[in-house]
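Asker: For the sequence shown, the positions run 1 to 80 when the numbering used here is used.
Let me give you the structure first, and then I'll get to my questions.
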Amino acid sequence: MSMKDRSARRVRTSCRLAYAGVTEDLEGEAQTIDLSFRGCRAVCQSQSPVGAKLHVSVYLPDLECALSWNWRSFDGSDRQ
Numbered sequence: 001m002s003m004k005d006r007s008a009r010r011v012r013t014s015c016r017l018a019y020a021g022v023t024e025d026l027e028g029e030a031q032t033i034d035l036s037f038r039g040c041r042a043v044c045q046s047q048s049p050v051g052a053k054l055h056v057s058v059y060l061p062d063l064e065c066a067l068s069w070n071w072r073s074f075d076g077s078d079r080q
């Protein structure tokens, strides 16, 4: 899906994101670029394997606990 085909509104934000592999032994942290109802974009120092199932936690400044969900990683090659 290209960026122009996305219907979810994206909100620019910068907050901490942590991820851990559900089926693989990996973990890391990132800084979010933006959030939407369907996911987020983030920058991290190490890339997770494409297709890895991740448990993602986003730490928003106004919430006491993190927003967490399971997600599949991808390389972003569908973005324009």
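Glycine included, every Cβ here is placed at the ideal spot set by N, Cα and C.
Taking the C-alpha atoms as reference points, what is the distance between Gly39 and Arg9?
Answerer: 11 Å
Asker: For the candidate residues Val43, Thr23, Ala30, whose alpha-carbon lies nearest to that of Ala52?
Answerer: Thr23
Asker: When DSSP labels each residue in this structure, what does Leu26 get in the three-state scheme?
Answerer: DSSP places Leu26 in coil when its eight states are reduced to three.
Asker: In angstroms with no decimal places, state the Cα-to-Cα distance between Leu60 and Phe37.
Answerer: Straight across, the Cα-Cα distance linking Leu60 with Phe37 is about 15 Å.
Asker: Whole angstroms is fine: what's the gap from Ser73's alpha carbon to Arg16's?
Answerer: Cα to Cα, the separation comes out at about 17 Å.
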